[in-house]
Structure formats: structure tokens, C-alpha cells
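Encoded as C-alpha cells, the structure appears first; notes follow it.
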Amino acid sequence: MQCQTLKDLTVVVATIAFDMGIDKLNVRRIIHYGWPQSLEAYYQEACRAGRDGKLADCVLYANLSRMSSLLPNKRIEEQTKQAYKMLSDCFRIDPVDVLDF
Numbered sequence: 001m002q003c004q005t006l007k008d009l010t011v012v013v014a015t016i017a018f019d020m021g022i023d024k025l026n027v028r029r030i031i032h033y034g035w036p037q038s039l040e041a042y043y044q045e046a047c048r049a050g051r052d053g054k055l056a057d058c059v060l061y062a063n064l065s066r067m068s069s070l071l072p073n074k075r076i077e078e079q080t081k082q083a084y085k086m087l088s089d090c091f092r093i094d095p096v097d098v099l100d101f
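According to UniProt numbering, the stretch in the sequence shown is residues 1 to 101, in order.
Below is the structure:
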């Protein structure tokens, strides 16, 4: 039996390309394996969880030694702070409390 709509699915495993087209409000958990392409991309992808207003989780499994790849060398400190502020608007834990910049 084929699933007719996304609301029939309980688990979806997808790449970024598929993620861009998903319109599913009751997503409870998003799990990232590896660093996203940018902080802005992570913000957009993570905020797909809980769009129905209910509590949801976003989990990131990544190598901490590669975190600097999210912040291009030409990004100035103010832009970095702005990106962290965007993240803090979406998450329960303020990234500023966890990360130095």
C-alpha cells in the first residue's frame, strides 16, 4: 500500500533537496547528521519542526572540530552575532550561552 500524503507518514528520511518541498506541520523531531551548509540553512531546516505550535526537537550529530566551516572567514563578527540571534529565536537554549564568538 502506498502512502498518499505526507500526513500518513510517521518517519521521513530525506536530503536537503527533498526537505525544501516538505509541508508537514506536525514534525516532532529533526535529526541532522553532519554540519549544515550554513547557520542560516540550519535555522531554516530546524524550524520545520513544531510548525503546528507544539513542542519539537532538533538534534545535530556533527564533528565539533569542523564547526568553523559554518562561519566563512569573510563573515564579520556582527553578521555572526546576527546569525546566532536568529538561532536563539528558534530554540529553547540560547546558542550565545553555549558558543563563543
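In this text, a Cβ means the ideal position worked out from N, Cα and C, and glycines have one as well.
Spatial distance of residue i from residue j (CA atoms)
i: Tyr33; j: Arg51; result: 21 angstroms
i: Asn26; j: Gln82; result: 28 angstroms
i: Ala56; j: Val12; result: 15 angstroms
i: Lys54; j: Asp23; result: 16 angstroms
i: residue 145; j: Leu39; result: The displayed coordinates of the chain run from 1 to 101. Any statement about residue 145 would go beyond what the structure contains.
i: Cys47; j: Lys85; result: 14 angstroms
i: Leu64; j: Thr10; result: 30 angstroms
Per-residue burial, residue i [other beta carbons within 10 Å of its own, 16 or more giving buried]
i: Ile16; result: exposed
i: Ala14; result: exposed
Residue from the options whose Cα sits closest to the Cα of residue i
i: Trp35; options: Leu9, Val11, Leu60; result: Leu60
Beta-carbon contacts of residue i that lie in its chain and below 6 angstroms, excluding the five residues immediately before and after
i: Tyr42; result: Pro36
i: Arg28; result: Ala56
i: Ala49; result: Val27, Ile30, Ala56, Cys58
Same chain, Cβ closer than 8 angstroms to residue i, five either side skipped, listed in chain order
i: Asp8; result: none
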